[in-house]
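There are 2 protein chains.
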Amino acid sequence: MPSTIDPRRQRELVRLLEKMGLEQTKLERDIPSGFDWLLVDQALVHPSFSTTYNNDQLEFIGDSVLKLAVSLFLREKYGDKKVGVLSALRAHLVSDKTLAKIARTYELKKYIVLSEAMRNDSQNVQGQEQTVLANSLEALMAAIYTITGDVKFIRRWLDPHMQNFAEALLEIPALGNYKLALLELTQRRWKRLPEYRNVATSVKNNIFFVEVWFDDRCWGQGQGKSIKAAQQEAAAIALDQMQKEIQI
Amino acid sequence: MPSTIDPRRQRELVRLLEKMGLEQTKLERDIPSGFDWLLVDQALVHPSFSTTYNNDQLEFIGDSVLKLAVSLFLREKYGDKKVGVLSALRAHLVSDKTLAKIARTYELKKYIVLSEAMRNDSQNVQGQEQTVLANSLEALMAAIYTITGDVKFIRRWLDPHMQNFAEALLEIPALGNYKLALLELTQRRWKRLPEYRNVATSVKNNIFFVEVWFDDRCWGQGQGKSIKAAQQEAAAIALDQMQKEIQI
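In order, the protein sequences belong to chains A and B. In terms of my numbering, the first sequence opens at residue 1 and continues consecutively. In terms of my numbering, the second sequence opens at residue 1 and continues consecutively.
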């Protein structure tokens with residue numbers, strides 16, 4: 001575990017952050033306790049290089065820094081859209097694929113320290129490079145957030161990228177359509193379709209209640225002012241539930 | 001969309017935040033632009049009550065505020081543990097079940113505004129109340145974060161709860177064991193087991209490479225200093241991948 005940073009490495013990292021619009025003089029002025037360049041270094045050390053000094057814990061934090069930054073951006077910029085659309089946008093914007101593309105604009109690969117075996121591997125194994133780039137960028141976000149305590153130092157450079165990707169995604173018609181997403185999932189994975197059942201209607205309040213069934217199991221219940229709205233809600237819950245069962 | 005808050009409602013919300021250790025006088029002193037009690041009100045309005053003035057967008061933000069607060073807490077408190085264990089802890093700590101338990105300690109239900117139909121429903125439909133409580137607490141976190149711009153106003157009251165839950169979870173032997181988690185998932189959902197294949201060994205670097213297969217498809221590749229470590233890595237990637245396919 002190094003206690004100081006090599007001056008040459010620090011100059012490299014200063015250049016990287018400057019490419020991201022974070023100037024050394026301003027950073028060091030804004031952070032009275034001192035800008036911790038060693039933590040930035042650690043954020044770019046892949047676990048294959050060292051099992052004790054690497055970015056695995058920073059990546060763990062970075063995942064949530066990213067999600068918060070993107071959520072704040074989406075609410076500010078697209079607050080007039082339905083939450084279903086914002087969620088669908090977010091799922092795409094925080095993906096490894098998007099992150100790797102952003103990382104490439106800063107030539108992040110040049111700054112990442114990894115084992116030689118992993119370096120060869122990441123050139124040969126499909127998807128490996130994308131994961132390394134995405135994880136390193138997340139870890140870098142965590143380092144910047146941990147040092148500054150403020151997401152504005154992330155959003156300053158991340159927002160313009162996200163804006164570009166979001167605009168492209170908004171051209172996709174199915175975005176935020178949970179029924180379609182659920183259908184595509186069950187069809188692709190299990191070659192079967194979910195079934196919607198109308199279970200009740202409250203005439204007084206004009207509310208419809210539906211359930212969505214798959215594989216002899218009710219995966220979600222929804223309610224709404226129309227059958228379509230109730231089905232969308234049920235499908236959203238079903239998707240979320242399937243995701244949770246996969247996660248645990 | 002109300003432009004001011006009813007004084008009686010504000011007094012209620014002041015009491016709620018005081019229960020969480022956030023005193024009105026201190027909050028209003030710390031936030032020079034004024035503490036936005038109307039946003040706290042909105043955080044506790046369920047979408048069933050109003051389609052235009054409700055907490056759905058705040059909940060969308062709250063989800064990531066929660067994840068960040070919990071991640072920072074885990075790294076600070078359990079930084080000596082493996083990231084796999086931290087991830088497993090986090091998945092449990094941010095669940096609706098955990099959040100609803102925390103919400104109940106503040107009697108959050110008393111402060112939530114929802115339609116009468118939904119109020120009856122949440123008493124009768126299993127799991128409905130838990131979801132309402134969890135979502136409202138997330139929205140409340142988003143409101144507090146948006147107003148203060150600092151997670152410390154969340155962590156002050158959230159950390160002690162998370163500490164209690166984390167201590168209980170750490171007694172579970174399988175926590176952070178991806179191989180076991182993957183096995184349980186595929187066994188439960190599809191009644192079949194994943195298969196691990198040793199694909200290469202780098203004698204020079206003493207590194208093992210394995211793949212995990214399920215359903216005629218390679219779901220993850222792992223490498224490590226032992227076959228067991230490589231299998232754990234492959235299983236973690238496979239779990240993550242299955243989760244992503246469910247999500248999109």
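Think of the CB as a built atom: it goes at the ideal place given N, C-alpha and C, for glycine as much as any other residue. Just so we're clear, the structure is a prediction, and the values are computed from it rather than from any experiment.
- Close partners of G79(B) in chain A (Cβ separation under 8 Å): Q57.
- Within 10 angstroms of the beta-carbon of Q232(B) lie 16 or more other beta-carbons, which makes it buried.
- Burial is judged here by how many other beta carbons sit within 10 angstroms of a residue's own beta carbon; E76(A) has fewer than 16 and is exposed.
- At least one C-beta of chain B is nearer than 8 Å to the C-beta of I207(A).
- For chain B, the residues of the stretch 102-123 of chain A that bring a beta carbon within less than 9 Å of one of its beta carbons are S115, E116, A117, M118 and D121, in chain order.
- The beta carbon of F49(A) sits closer than 7 Å to those of V113, L114 and S115, all from its chain and outside the five residues before and after it, given in chain order.
- A Cβ-Cβ contact shorter than 8 Å links I31(A) with I147(A).
- Residue pairing from DSSP leaves Y78(A) without any beta-bridge partner.
- Residues of chain B whose Cβ lies closer than 9 Å to the Cβ of I144(A) do not exist, since the nearest Cβ in that chain is about 13 Å away.
- Per DSSP, Y196(A) lies in no alpha helix (DSSP H) segment; the continuous beta strand (DSSP E) that holds it begins and ends at E195 to S202.
- I31(A) is not bridged by DSSP to any residue.
- In this structure L180(B) does not touch Q187(B) by the C-beta definition: roughly 10 Å separates them, more than the 8 Å allowed.
- The bridge partners DSSP lists for Q221(B) are E211(B).
- As DSSP reads the structure, V45(A) sits in a beta bridge with V113(A).
- For R9(B), the nearest beta carbon of chain A is not closer than 8 Å to its own beta carbon.
- Taking all protein chains in view, the Cβ of S136(B) is crowded by 16 or more other Cβ atoms within 10 Å, so the residue is classified as buried.
- Listed by position along chain A, the residues whose Cβ is nearer than 8 Å to that of R75(B) are Q57, F60 and I61.
- Note on G149(B): under 16 other CB atoms within 10 angstroms of its CB, so exposed under the neighbour-count rule.
- Judged by DSSP secondary structure, Y178(B) falls within the alpha helix (DSSP H) whose first and last residues are Y178 to W190.
- Nearest in C-alpha terms to F73(A), of all of K82(B), G79(B), F60(B) and S202(B), is F60(B).
- Taking C-beta atoms as the reference points, G224(B) and A238(B) fail to come closer than 8 Å.
- DSSP places L13(B) inside the alpha helix (DSSP H), whose first and last residues are P7 to K19.
- Closest in alpha carbon position to E195(B), among L182(B), T201(B) and R189(B), is L182(B).
- Taking a cut-off of 8 Å for Cβ pairs, the stretch 89-100 of chain B and the stretch 62-70 of chain B touch, as three or more such pairs fall below it.
- For a cut-off of 8 Å, the C-beta gap from L108(A) to L133(A) is around 6 Å, short enough to register as a contact.
- The Cβ of L99(A) sits no closer than 8 Å to any Cβ of chain B.
- A distance below 8 Å between beta-carbons, with the five flanking residues on each side excluded, links Q130(B) to the following residues of its chain, in chain order: D96, K97 and A100.
- Less than 8 Å separates the beta-carbon of A142(B) from that of L58(B).
- In the three-state DSSP reduction, L66(B) falls in the helix class (H, G or I).
- In the three-state scheme derived from DSSP, where H, G and I count as helix and E and B as strand, G127(B) is classed as coil.
- Membership of E167(B) in the alpha helix (DSSP H) is indicated by the continuous run K152 to L169.
- For I102(B), the enclosing alpha helix (DSSP H) stretches over residues D96 to T105.
- By a beta-carbon distance limit of 8 Å, K82(A) contacts G176(A). Their separation comes to about 6 Å.
- A Cβ-Cβ contact shorter than 8 Å links E211(B) with R197(B).
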